[in-house]
Amino acid sequence: MATPDRQATTLALAHALSAAERGLAVIPLSRTKLPALRSPHRDEPAPQGPPCHGACGRFGHGVYDASTDPGRIRALFAAAPRATGYGIACGLPPYHLIGVDLDTKTGTDAPAALRELALRHLFTIPETVVVLTPSGGRHLWLTGPPDTVVPNSAGRLAPGIDIRGAGGYLVGPGSRTDHGVYTTAPGTAHLPPAPCPPALLRLLAPPPRPRHPAPSTAGGQGHGLVHFVLSAHEGQRNTRLFWAACRAYESGIGPALADALTEAARTTGLPEREARATIASAARMTTYRER
32 MATPDRQATT
42 LALAHALSAA
52 ERGLAVIPLS
62 RTKLPALRSP
72 HRDEPAPQGP
82 PCHGACGRFG
92 HGVYDASTDP
102 GRIRALFAAA
112 PRATGYGIAC
122 GLPPYHLIGV
132 DLDTKTGTDA
142 PAALRELALR
152 HLFTIPETVV
162 VLTPSGGRHL
172 WLTGPPDTVV
182 PNSAGRLAPG
192 IDIRGAGGYL
202 VGPGSRTDHG
212 VYTTAPGTAH
222 LPPAPCPPAL
232 LRLLAPPPRP
242 RHPAPSTAGG
252 QGHGLVHFVL
262 SAHEGQRNTR
272 LFWAACRAYE
282 SGIGPALADA
292 LTEAARTTGL
302 PEREARATIA
312 SAARMTTYRE
322 R
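What the sequence shown shows, in our numbering, is residues 32 to 322, in sequence order.
The structure is reproduced here in structure tokens:
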């Protein structure tokens, strides 16, 4: 007889394969909602260039392992026998998924805050997939246009509202965590992710690129970009960091400037882990656009 964890892994794999059939790229998650596979580079020295996003051919690169291929998904879960859930990668074709995470653990009323934003900016949240979290929150699934990169953010729109965009992932329905099971809200499982309202998309997108590029030449490379991040106020830290990182990688100085941008973001109050994830997302998206 299978152990409870093995049963949870089998069930998570079944749900992940079902999501992949809908065109959603998935990865195995642990009970803590983190990727279930450890990085193969964890014991290696810090890379001199951009971090590896799977070019080495091994598993353990987080959301960059995400796939819709059934064979690869089975291999990922076989390598992660303790996985009890799965994550759905955001920002990838065909849906270019955007997740709106309405949290309840902060003591704020995130749904009310979203309704207030909708009234203020004249948009309506369409009928779409809604995933209920064990803590009482909910994830709204929306789709974005392929030419718009939506970065991850935490509390930027309003307290309790987190956004999962490029380089991020959503916990898939059917996943089991330490706190319970994620489920699809009644009446929404059959729906496709709905297009993000244009007015909301404008709030989520990073600021437009200025007409004149920020200073980024040899010697004092990137001081302007670092200052741009340092001058961020709460609510715009992640967006400014993403924008600055994109400009740095477009200018060819991204790897050299990554640590300085991370430190600048930490100075403004952004957690280092979130800062590095945002910079990695910018590196990936900038490389993707240049192909």
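Using N, Cα and C, we set each Cβ at its ideal position, and we do this for glycine too.
By Cβ distance below 7 Å, which residues in the same chain neighbour residue i in space, the five residues on each side in sequence not counted?
i	result
Phe154	Pro228, Ala230 and Leu231
Gly13	Outside the modelled stretch of the chain, which goes from 32 to 322, sits residue 13, for which no answer is possible.
Asp36	Arg113 and Thr115
Thr139	Pro190 and Gly191
Gly211	Pro165
Arg307	Thr293
Leu48	Pro101 and Ile104
Cys83	His72 and His92
What residues in its chain sit with their C-beta under 6 Å from that of residue i, if we drop five residues either side in the sequence?
i	result
Glu305	none
His258	none
Arg240	Low confidence applies here, because Arg240 scores a pLDDT of 49, under 50, leaving its location unreliable; read the following figure in that light. The answer is none, since no qualifying residue turns up.
Val180	Ala197 and Met316
Met32	In this predicted model, Met32 has a pLDDT of only 38, less than 50, meaning its place in the structure is not dependable; the value taken from the coordinates is given anyway. So no residue of the chain qualifies.
As a quick exercise: from the options, pick the residue whose alpha carbon is nearest that of residue i.
i	options	result
Ala314	Thr298, Gly300, Gly85 and Phe273	Phe273
Glu158	Cys87, Leu44, Ala216 and Ala86	Ala216
Ser98	Pro124, Gly191 and Pro81	Pro124
Leu222	Arg89, Ile156, Ala236 and Val160	Val160
Pro333	Arg169, Ala51 and Glu147	Since the first residue shown for the chain is 32 and the last is 322, residue 333 is missing from the structure and cannot be characterised.
Thr41	Arg53, Leu55, Leu60 and Ala56	Leu60
Ile119	Gly54, Arg89, Pro142 and Leu288	Gly54
Leu65	Val94, Asp74, Ala56 and Glu75	Val94
Gly203	Asp209, Ile194 and Tyr213	Tyr213
Pro176	Pro226, Thr309 and Asp74	Pro226
Can you say whether residue i is buried or exposed, counting buried as having 16 or more other CB atoms within 10 angstroms of its CB?
i	result
Ser206	buried
Ser184	buried
Cys87	exposed
Ile129	buried
Pro246	Because Pro246 carries a pLDDT of 40, less than 50, the predicted location of this residue cannot be relied on, and no value is offered for it.
Leu188	buried
His152	exposed
Tyr262	The sequence shown places Ser at residue 262, not Tyr. Flag for Ser262 reads exposed.
Gly186	buried
Asp290	exposed
Thr309	buried
Thr298	exposed
Gly335	Outside the displayed span of the chain (32 to 322) sits residue 335, for which this structure offers no information.
Thr270	buried
Residue i bridges to which residues according to DSSP?
i	result
Asp193	Asp132 and Ala185
Arg207	Val212
Ala120	Tyr200
Val162	His170 and Thr215
So, for residue i: in the same chain, excluding its five sequence neighbours on each side, which residues have a beta-carbon less than 8 Å away from its beta-carbon?
i	result
Arg69	Gly91
Pro224	Tyr126, Leu128, Thr159, Val160, Trp172, Leu173 and Thr174
Please give the ranges of any beta strand (DSSP E) in the segment 35-118, keeping only runs that are unbroken, at least 3 residues long and fully inside the region. Along the segment 35-118, the beta strand (DSSP E) occurs as fully enclosed runs of 3 or more residues at 57-60, listed in sequence order.
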